[in-house]
Structures are given as C-alpha cells and as structure tokens.
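> These protein sequences, in sequence, are chains W and L. When we follow our numbering, the leftmost residue of the first sequence carries the number 589, and every step to the right adds one. When we follow our numbering, the leftmost residue of the second sequence carries the number 390, and every step to the right adds one. The beta carbon of each residue, even a glycine, is placed where N, CA and C say it ideally should be.
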Amino acid sequence: MTPRFGSLPIILFLSACATAFFANEAFADEAGLRSFVSANCNGCHNEKVSSAGINFSAYSDTKTFSDNRAIWERVLAKVKAGEMPPPGMPKPPAADIAAVSSWLESEFARQDAAVKPDAGRVAARRLNRAEYNNTVRDLLGVNIHPADDFPADQAAFGFDDISDALNMSSVLLEKYADAAELSVRTAIFGAPKLKPSMTHYPLPVRLNDARGTKTQIPDAAHYDLTGLSTLHAAHAIHDFPVDATYSFRLVLNGHRPNQSMPAQVGFWIDGKLIQEIDVDATDLEGQVREVRTKVTAGEHLLSASYIKQFHGLPPSYKGPEPSTRPPEPLINPRGALTQKDIETLRRLGTTIKTDGIESRIDNRFESIDVGGPFDQTTGPSPESIRRIFTCGRTAAQQNAACAKQIVTSFAERAFRRPLEAKEADPYVSLYALARKQGDSFEEGIAAALEGVMVSPNFLYRIERDRPVTTKSDAVPVTDYEMASRLSYFIWSSMPDAELLRLAGEHRLRQPAVLEAQVRRMLKDEKARAIVENFAGEWLQFRNIDVVRPDGQRFPDFDESLRYSMKRETELFVENIVRQDGSVLDFLDADYSFLDERLARFYGVQGVTGPEFRKVDMSGTERGGGILAQASILTISSYATRTSPVLRGKWILENLLNAPPPPPPPSVPALDDTKVGQSASLRQQMEAHRQSAVCASCHSKMDPLGFGLENLNAIGAWRDVDGKFPVDSSGMLPGGRTFNGPKELKALLMKDRDAFVAGLTEKLMIYALGRGLERYDKPALQSIEANTAAHDYRFSQLVIGVVESLPFEMKRVREAAPLSAVASNKLEGSK
Amino acid sequence: MNFITGRHLSRRALLRGSGAAIALPFLDAMHPAFAGPVKPVRRLAVIYVPNGIIMNQWTPAEIGAGFEFTRILKPLEPFRGDITVISGLQNKSADKAQGGGHAKASGSFLSSAQPKYTAGADVHAGTTFDQVAAKQWASETRVSSLQLGCEDSRMVGNCDTGSSCAYTNTLSWKNPDTPLAVDVNPRSVFERLFGNVDPSLSPAVRARRALYRKSMLDLTQESTRKLEQDLGAADRRKMDEYLTSVREVEQRMAAAEKDTRVAPVDKPSGIPFQFSEYVKLMFDLQAIAFQSDLSRVSTMMIGREGSVRTYPEIDVPDPHHPLTHHRGHPDFIEKVTKINCFHVELFAHFVAKLKATQDGDGTLLDHSAILYGGALSDGNAHSNSNLPLLLAGRDGGRHLHCEKPTPVANLFVTLLNGAGVNLETFGDSTGSLDLRA
C-alpha cells in the first residue's frame, strides 16, 4: 500500500499553534495516549467489535508505533478532524484531542527523522503495452501498435508500469516473439498483405419522428451546419490495420419532406470532410452511398452527417434557403396511389417505397460498413530502411561484415546501451544460420533483429549491479540507465539519439544538462505519452473508452461525443505538460479545449467546426478544470445516472490524496440507486450519514459529489433532475460550506497542498515503477516544496522527480537469498 | 508458431451443421488409457456470471429428479438429462477474508483460499481447481487452459473498495501469486489455439522461421544465464520467470511440430458488436478447443464482479451491479432476473453445441463437466452461501440439495476426482460431494 502522509487535507482546522496552546501534559506520552484511546475509542474498536477492522487492544506493546504507523496516522487524522469519535458519541475535551494529536505528530516526526535515506530498488521492468508499442515505433520506424492485443498488463498502485506487477508468462512471451516478427518484417519488407474484410457498425436509432409531428426548424445561425453534432449524424471509431485505401458504405434511413432539395451527405474522418454527396430522395431507407479513400493505420473517428440539414426544405417549413423546386401536384395521401402518383413520387426521389406524402425530417444513418484494405501500400518505408540498414543495402554491401555492423548497431539501440564484447555474436549467428539455410541477406537480418527483440535486454529495462567500491548504501544508476529512466518516464519509449549521446559523453547528469533535457523532452510530441499513460491512469479517463452510457436516457452520447470528450481532456493535460502550465489548472482553470460538438453540448457559443481550440470558460456556469470536463464526469457516473458517492470518492482519491477506506465488513455499501429518482434521496443519504460508522466516510464523500450534481451522468449541465431542482450545496466536515461546482472548486483550490502532494506521489510511483515507502518521504516533500516555489509549473514537478534520490540512485545490491531464487524456479511448472 | 490455419478447409467446419466427424482418430487414440466402466470426464469448464442471482427464481422447489425448471433455468429444460442443479454449497473463505464483497467472492471462488486484502502488486490467493486439472493434462494438450472473458479488463484503479483488480479480473490462479490474464478478444483466443501464422506461407518457409525462432530462444537462454550473475535477487526472479516462459514456449513449439491439426473455422476478426454474438463466439471457441482436444480446461467470465454492463437488448438499460443492490425493490429484482435469464439463455447455446458434437463414443457434453454459476448468491447482501451452481454433463436430471451448508470445495474435489486427479482434499473441503446421491 502507498503510505499516506500528513493528515486528511480538507478538514485540517487545528493549527500548530493552537495545538501548543491546548497542550495537556496528561496525554503527552504513550501511556497518556493509551488512556485516551481506552476512554474514547475502545467502545467500538475492541476485540469483539473491531469497527473498520481496528482493535486497539491489539496495540498495547511498546512497538505499537513503529509497527502500526498507518493505523495511528489514521487515528490522528480522524481525531484531529473531529470525525472520531463519531457524531452521537461523547466528545473528548478539545484539550485532550490537542494533546494527543500533538504527541502523535511529534512521535511521527521523531520516527521520520530516524529513517535513513534510502534510494530504494526496483527490479527489472518489463516493457508494458504502451512502452512496447512506442519503443517499436522509435526503434524500427513502424507505427503498427503490435502490443494492442497483448493481454492487459496488471496494474498496481493505480499504474500499469509497476515492476512487481509486470509478470511474464509463456503466452505473453509468444506474443512478444510474434510481435517482434511482425515489426521487423514490416520494417524490412513492408506490412504483410491483408485480405480485405468488412466491418459492420450498426447504429442505434436516436431519432424517429412520428408521422405528422412538426419539426422545429432552427434558423441558419442557430444550428450546426456540419450536422456532426446532431442526432441525424452517425459515428464509429474504427481501427485500421494498415495504410491503404478503404471503402465506406453509408446506409441511409429516415425521410425528407417531398419537394426538398437533395440531402447533402457528408463523410468525415477525424472531423475532416472527405466527401460530400447529394442524395435526392424522400424516403432514404436502405439507400447506400459509397466513399473510397486512403486512410493511415490506427484508430480513426468516422462520421456521416447531413450537411445543412434544415436548408432546402419546402418553403412552408420556413427554413433557411428554402427549396426552389416547383410545388408538386397534389397526390392523394389516402387510398391506393394512382400510376401518376407513383410516377410523381419517383420523380421526387422516393425510390423504394411509394406510400404517400412525406413530411418528416428524420433522415439518419442505418449503418456504416468499412471494407478493406485495398491497394495496400507495399514495401518498407524509407525511414525504416534508414534506421536498420546502417551500412547500405546494395548487392555489393550485402556481406557478412555489413550484417555484423547492422546487427550490432541495432542491438545497441534496442538494449539502450553500448554492447559488451561479443554480446552481438549470438544475433549475428542467427544471420549466418539463415544464410546457410539459403535465405537472403534481408531474411538473415530479419532473423537476427527478431532475436534481439526477444532478448530480456530488450524486453526488460535491466539495471545491472556492478562491483561497488564505495561504502555508501546507494549508487547512482549509470548514465545510460538514467537516459532510459528519463525517456520511459516522459515518453514511454526508448531514449533518442541525443539522450544516448549525452549519456555516452557522461554529461547527462550535469544539472543544467539534465534540466534542459527534461524541458526538451516535455516539449516534444512524444511527451503525449505522459498524458495518455500517466494522466490517463491517474485521472482514470482512459476508462472513457469503455463506458457505455444508456442510449435511451442519453441519446446525445455517441462515438463522436466520446471522442470529443476524450480529446478535450487529452488536450487540456497535454497543454499543461507541453506548454508548462500550472498543475493547479487541474483543479480550476478558466479555459478548456472544445470543438463544435462539445461546445454545443456544453452550451458554449461561438465555436464552429470540428477543430479543437482553446476556449475561455470563465463566463460559463460549469467553468474550467478537470471537474468541468465531461470525460471525468462520465467515468465517475453510472450508465444511467450520476452517483454523488462515486464522484466524491473520485475527488478524494485523485484530487485530495485521501482515498476513503473500504466500508467495514458488517456494513453494506451505501445504496444510491435512487439518486435523482426521488426528492427524498438527498435526505435518504443524509439519514444514512446519521449512522456513525457510515458518516465517517460519507460525510466527506457525499457533499463533494453533490457539489457536481448540476452536471449529469454524461457531463451536461442541468438545473433540474427529473422533477426536482438540483441542490448542489454542501457542507464538509469541519463546517466549510459551498454551493455549486464553482464554489466547490474554490474550496479545493484552498487544499492545493494536498492536491500537489497527491500528484507528486502518483507521478513518483509512475516514474519509479514501484510503490512508495516511508524513506521516500523526504524526497516527496522537497519536490512538493520546490513545485510550490516555482508557480506550480509542471516542468518543476518533473524536474523535482528526476533529480530526486530514488530516481537518480539505487540501493546497493542486497545479498541474494539463494533459496528464494531456487523456490521460484520450482513454481514455473507448466 | 508452426500451426496451419486451414482457411481452405473452413467449409469442412466441424461445428457448422453435421460435419462433426473429422479428425477424431487422435482423440480415439487416447481412449485406451481411460478405458473402464466409468469413462472419466476429459473437459472441465467454469462459466461465471457476476453480481449474484435472484435465488427464488433460480432454485427449483423440488429436490431430486423430476424437478420443475424455474424461470431462470428454463432455457436449460431441453437438456434436463444433462443438468444437475446443486444448492446448499457455500464459500466460507470469502466471508472470512477482508476486502470488497465482490473481490473476495470471485477472488476465492475456485480456490476456497482467502485473497489477501491489497490493491498493490502483492496479490495473493490460492491455486484454483481448474489449474489443478490443467496441470494434469498440460503435456497432452496444446494449450493447458483457456481464460476467457466477455468484459474488457482495461479498467484501471481500485476495483472493489481497496481490493486489487486481479481478484475480479480473472477466476484462474496458476499458483497463489499468479493470476492468469483473461483474454477478451476472440481473435487472440483463436491465435492461442491455432497459432498466428500467415497461411499463405509455404511449409518450407514456415519450417525455416520456426527453426530461427527455436535458435533465438536457445541463444537467449544462454545469454540470460550469463546476465543473471550481475543481478540482485529481485531481478533474478524476473529473469527466472522469463526463462521459465522461454522453456514453455519451446515445449509448445516441439509439440506443435508433431501436430498437424488445422483450424476448423475462420479466424474471428475481433469482438462482435452485439453482446449475445460475442458471448456465443466465445462459447464456440471453447467448443472448438474441446472438440479438437487443443485444450481441456477453460474458465469464462460472462462478466466481472461489479459489472456495470447495461442490457438494453432485453429492456434493461440500467447498469447491472447497482441494480443488484435492489433492497427488495420489485422493479429492480425483475430487471436482475431478466439479466439472469438472459445469461442462462446464452449458456444454453453452449450446452446445445456440446451436445450436438460427436466425441468418440458419445457427445462432447458426455465427456465434459461444465460448471455454471457465480460466487455470490444474493448480490444485495454479497452472500457467499447457498451459491447458485449447476453442472452440465453426463448423468444429470436432478436437483441436488445439501441440507447442511457444505463447502463448495467438496464439489471441486468431486470434479477433480471425476477428471482423474487423485486428491482427497482441496481448499477447505470436508470431503467430496456425491453427485448421484
């Protein structure tokens, strides 16, 4: 478990001098603490009733403080905040609380001072999926994400780059070997030729006008002319395996009124208009239009929309630019159609059905079918060839000496360090083996390179132990290891040529060089990795990919909104990372990044078109910061409704560094299924908090969550929930009150120290690939202080981590207990 | 890998229609070893459903033969003779453990061991019974066991009130420290069974590539051993884990060389859009694995504990987990019941497939023990007693009720014995369960 430092943040109301003032000698030692505990706590925390799993009678020996520090830290926080003893129980005198708190604090400080500085150690780290994909990209110049279908990496402490959790198995090793083969062959020979196949995306019906309903026609200034943000549009996210031409079949459905101008169907990829097609028809059901275009490999958002949906309607609809087509002679809408009627309807474009006069405007899409790849780009990319064939590729150059050079330079880059003598020999021998089998020069190189890529020196980041000459407990990692630590931290990938060069010149660790490198790396496009991998896991917005809000309740939610929500948060974090913003912007900011889709969803005026741009949010009700973003509001809700409990918990865990403990075993988790369904819910939850045990956590969680109740389960603003007006006021333990998200954010801003402490811990865990220990505390405190002293700049936080003892050094090797190694060997049976 | 994906043979697909009689010789070849009056079961599967069951709509009122199929079990009625409903089993270890109610339940379900309460890397539970069977048959099958799931396990963070996601992400633990990752992508399951080879390559090219890969694995073992001399204990454990994996891959490659079985169906392209199609495809892959004896053991999670999947296709647009905390509300109970029914309906598809597939002297179902159910009975109370369980396989047709609460581990002992594993106790078992009593 991550140790939690300091007290619970938002409720710290006793200042240090107040403590001194109240100091009561009677409780200023261990015996005093015991009598305090037995008088005030033992009633609920004893051998028989161990509420929250705590039994104080078990902590009576003298080692209680060193062995059970985490428990006593919780005691301190709860007692100081007035959360324990819980409401309804007799309160101890304030002076007793102050004395006990003060004694515990000094005891902890004394313990901390006695902790020896320790750099810690982290075992060899296997490349996780994201790191493998990026490393392959930078090593071979192929962007094919071969690790996407690896089994999910196990996470620990909230991140999936933790050494202890990154196990290896034969299934995974086989995947690595297959991925090596695919990547190397793609780099040398080009992507494998794929058989075209079809993927069908059926689209939910989100709009189905009843015949005879009169659609409200907006004027041209007040509707989305691209059509992308309307319910008439369709969106799908498709993963394209290779660069090639693909075919897109758009199947239409619904209706346009007779006499309308042709519908303008737009096909878009990632918000870029690819093609516009006129469809002149009244009944669109089953009409198919096909678009063929080149697409690059990877995930893309496909959209089909009706452009200028409300333009060109018959004049009677009073829409913009009405139809100039002559009014058609009346057709008898009842009874059998005459041959003349049928001809008229056909002329009007009703090509499938002939069942009458159409007045509905419910044109939509039935499905998008993706076919391909066709005309696949063949052959290797010049970039890959340049990276691999370092001594040429002509017939004359295809000799053993050249092969040896190619393999050696590749292995050096793959292992992220210079090779030792003869270290490349085994891989060169693979080349020789292939040649002996009659394979070509390039096949031989492929075999050798694949061999490099299944070596543990590539698959793991190994920091070797070398004979230690000093007597100190910690040694700096080597310059090359430092380069890897840096690049995997900031880029989730291998070091680039510049980092390796500086490591080779032994200059990387010079403070000015190191700082300049960090700044360079953060500005680089590859720093997006810290957004996707660190922030995506910290703020959990990766989960936006898998949530499925209820389509009935939230027809607005579609793949395009999902895409826009995710992009907003990515761009927001990326801006802080690459433009060196203040980390406090996470808590509250006056800007965000929106496209028209999201701006319309948020009710923000003046943003047109599918491009994202920085938008001033200060005039809006929702405001800025991470808690105003639909992605975060959606992942912290259920599919059908908001949950103040989930949101409160999310804030405590991710923004305030105070994760609530699990509910005690005997108490069921709070059931909030009726949120938003009955007016009494808030009262019901308040009643729940009357229970002392529940209140200890829910009195913090629920108000935080209720503060966001103006934002529904997909993050849209609302003033009423069902029949009832939203009440987003709240009171935190300690008495601070707020009303609505803006005031809530202002309160969070006051707890910035807790936020920065939490962010620092999480960034450190992510950077080191291990959980934190007590001995890491001094490093964390100095990073926090340094960040605060530098305007909370993100770069300062990263520089603080990079220059810290645990990042730069490692503990000198422990003696290896041979028995442990031996027993581990035994368990690896098939 | 050196397997052939027989695209050109797909018209002979074993599982489509009646063409179920191909490639049986190698199965029959194994029969003599098992010859005797009672033929042992040779396939084990556990099909898991999360978040508990509405028990009064699950448990048949009558005990013994001739019971009436309840609303939830109804889709299995056509297979009456192959179904044994078992009630009265409990999992005490989950009650005793600390942590989230869902994590404890699925984290201990198949091992009856108490999962360690942690959200960190130090997860610890118990070897699960499916892995005991998998180990017994490991040398005889291409893939010793399959772990499948129909719910994405990419969710990050704490999974259940401070309990690691490992406890809810998988049912199978190879040993107490090693949870086995669940595969949710049908394409990748297919590749595990049949290898990931370009079918357009000639056998000669494939053989050469296999030779190179074998050489790579040989070479890497040597250099890794050299490297280990410079490493600390924890690093060495990592390298040992790597070397073990290398050796296992080598063994599998060696076995594959002698094995020329081909894939009876086309490779799936990914996860189907419709949930029901998705679940059925995962069932089909298990049926194929069993039928061609590529694997004999599987576990499949139709959903993870705490699943918040919505089921609009059966008129349940609400997330599953919060619904199960229904506190007696009839609307919620009805919706949960609908989900329970839907899952059994999908399961019936699997039973039908196994029953329709010839296997030696009987059907595949005759030679299988398929355990269906969950680790929670009443989801509202996170209850670990009177678990909802049923067995599909030979000699069913009865509702077996344990009067006295009995460890579910007793059932695992029975299943393992039935599968030919000699063992008397497992987990907290107090004996075995007489399925014919």
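#1: In angstroms with no decimal places, state the Cα-to-Cα distance between leucine 1159 of chain W and serine 1225 of chain W.
#2: Name the chain C residues that come within less than 7 Å of proline 739 of chain W, Cβ to Cβ?
#3: Would you say aspartate 471 of chain L and lysine 647 of chain L are within 8 Å of each other, going by their C-beta atoms?
#4: Would you kindly report the start and end of the unbroken beta strand (DSSP E) that includes glycine 960 of chain W?
#5: Would you verify that the beta carbon of arginine 1049 of chain W is, or is not, closer than 8 Å to some beta carbon of chain L?
#6: Identify the contact partners of arginine 913 of chain W in chain L, using a Cβ-Cβ distance below 9 Å as the criterion.
#7: Distance check for leucine 569 of chain L and serine 552 of chain L, CA to CA, integer angstroms please.
#8: Could you give the distance in angstroms between the alpha-carbon of leucine 1182 of chain W and the alpha-carbon of glycine 854 of chain W?
#9: Opposite alanine 1062 of chain W in the DSSP bridges: which residues?
#10: What residues in the stretch 704-722 of chain L have a beta carbon less than 9 Å from any beta carbon of chain W?
#11: Chain W beta carbons: is any one of them nearer than 8 Å to that of proline 467 of chain L?
#12: With a threshold of 7 Å (Cβ to nearest heavy atom), would isoleucine 776 of chain W be considered close to the ligand HEM?
#13: Since leucine 1175 of chain W contacts methionine 1397 of chain W with CB under 8 Å, what's their CB separation in whole angstroms?
#14: What distance in whole Å lies between the Cβ atoms of lysine 493 of chain L and aspartate 817 of chain L, which are believed to be in contact at a cut-off of 8 Å?
#15: Tell me whether the stretch 733-748 of chain L and the stretch 666-675 of chain L touch, counting them as touching only if at least three CB pairs, one residue from each stretch, are closer than 8 Å.
#16: Residues in the same chain with beta-carbon distance under 7 Å from arginine 716 of chain L, minus the five sequence neighbours each way, listed in chain order, please.
#17: Once the 5 residues before and after leucine 708 of chain L are set aside, which same chain residues still bring their CB inside 6 Å of it?
#18: Could you give the C-beta distance for methionine 1070 of chain W and leucine 1096 of chain W, rounded to a whole number, given that I count them as a contact under 8 Å?
#19: For aspartate 737 of chain W, tell me which candidate among L:Val654, L:Leu606, L:Val578 has the shortest Cα-Cα distance.
#20: Look up isoleucine 452 of chain L in the DSSP assignment and give the residues it is bridged to.
#21: What's the gap between the Cα of serine 969 of chain W and the Cα of tyrosine 1015 of chain W?
#22: Using a Cβ-Cβ cut-off of 8 Å, state whether threonine 803 of chain L counts as contacting chain W.
#23: Looking at chain W, is there any beta carbon in it that lies within less than 8 Å of the beta carbon of cysteine 730 of chain L?
#24: Would the beta-carbon of aspartate 1204 of chain W fall within 8 Å of that of aspartate 1178 of chain W?
#25: Quick check: the Cα distance between threonine 942 of chain W and phenylalanine 736 of chain L, rounded to an integer number of angstroms?
#26: Near glutamate 887 of chain W, which residues of its chain fall below 8 Å by C-beta distance, leaving aside the five closest residues on each side in sequence?
#27: If you draw a straight line from the C-alpha of asparagine 841 of chain W to the C-alpha of serine 893 of chain W, how long is it?
#28: So, is the C-beta of glutamate 529 of chain L closer than 8 Å to a C-beta in chain W?
#29: Label methionine 1352 of chain W either buried or exposed according to how many other C-beta atoms from any shown protein chain fall within 10 Å of its C-beta, with 16 as the threshold for buried.
#30: Which residues mark the beginning and the end of the beta strand (DSSP E) in which threonine 688 of chain L is found?
#31: Would you verify that the beta carbon of valine 724 of chain W is, or is not, closer than 8 Å to some beta carbon of chain L?
#32: Quick check on valine 533 of chain W: does DSSP put it in helix, strand or coil?
#33: Which of helix, strand or coil does DSSP assign to asparagine 806 of chain L?
#34: Is valine 876 of chain W helix, strand or coil by DSSP?
#35: State buried or exposed for arginine 1130 of chain W, treating a residue as buried only when at least 16 other CB atoms are found within 10 Å of its CB.
#36: Please identify the residue among W:Gly1328, W:Thr1066, W:Gly1310, W:Phe1122 whose C-alpha is closest to the C-alpha of glutamate 1297 of chain W.
So, from the listed chains and residues:
#1: A straight-line Cα-Cα distance of about 22 Å links leucine 1159 of chain W and serine 1225 of chain W.
#2: Here chain C cannot be found, since the structure's protein chains are W and L.
#3: It is not a contact, given that the beta carbons lie outside the stated cut-off.
#4: Residues 952-962.
#5: No, no contact with chain L.
#6: Taking a Cβ-Cβ threshold of 9 Å, none of the residues of chain L is close to arginine 913 of chain W; the smallest such distance is about 39 Å.
#7: Their backbone Cα atoms lie some 17 Å apart in a straight line.
#8: The alpha-carbon separation between leucine 1182 of chain W and glycine 854 of chain W amounts to approximately 21 Å.
#9: According to DSSP, which records beta bridges pairwise, alanine 1062 of chain W is partnered with W:Arg1399.
#10: Per Cβ criterion, the list reads Pro706, Asp707, Pro708, His710, Pro711, Leu712, His714, His715, Arg716, His718, Phe721.
#11: Between proline 467 of chain L and chain W, the shortest Cβ-Cβ separation is not below 8 Å.
#12: In terms of ligand content, the structure shown is empty, and the ligand HEM therefore cannot be addressed.
#13: With a Cβ gap of about 33 Å, leucine 1175 of chain W and methionine 1397 of chain W do not count as contacting.
#14: At roughly 14 Å, the Cβ-Cβ gap does not stay under 8 Å, so aspartate 817 of chain L and lysine 493 of chain L are not in contact.
#15: At 8 Å Cβ cutoff, the stretches touch.
#16: Correct list, in chain order: Asn769.
#17: Sequence check: residue 708 of chain L is proline here, not leucine. Apart from the 5 residues on each side of it in sequence, proline 708 of chain L sits with its Cβ closer than 6 Å to the Cβ of Val697, Thr699 in its chain, given in chain order.
#18: Between leucine 1096 of chain W and methionine 1070 of chain W the Cβ distance is about 6 Å, and since that is below 8 Å, they are a contact.
#19: When only C-alpha atoms are compared, the closest one is L:Val578.
#20: BP columns for isoleucine 452 of chain L are empty, so no partner.
#21: Computed Cα separation, rounded: 24 Å.
#22: Closer than 8 Å: no.
#23: With 8 Å as the cut-off, cysteine 730 of chain L does not count as an interface residue toward chain W.
#24: For aspartate 1204 of chain W and aspartate 1178 of chain W, yes; Cβs fall inside 8 Å.
#25: Here the model assigns threonine 942 of chain W a pLDDT of 42, short of 50, so the residue's position is not dependable, and the following value carries that caveat. Cα to Cα, threonine 942 of chain W sits roughly 44 Å from phenylalanine 736 of chain L.
#26: Residues Ile825, His826, Asp827, Phe828 of the same chain have their beta carbon placed closer than 8 Å to that of glutamate 887 of chain W, with the five preceding and five following residues left out of the count.
#27: The alpha-carbon atoms of asparagine 841 of chain W and serine 893 of chain W are separated by roughly 12 Å.
#28: So no, glutamate 529 of chain L is outside the interface.
#29: Answer is buried; the Cβ neighbour count reaches 16.
#30: Residues 686-690.
#31: Not flagged as an interface residue toward chain L: valine 724 of chain W, since no C-beta distance is shorter than 8 Å.
#32: Past the boundaries of the shown model lies residue 533 of chain W; chain W is included only from 589 to 1418, so the question cannot be answered.
#33: The DSSP-derived three-state label of asparagine 806 of chain L is helix.
#34: Strand.
#35: When all chains shown are included, arginine 1130 of chain W counts as buried.
#36: When only C-alpha atoms are compared, the closest one is W:Gly1328.
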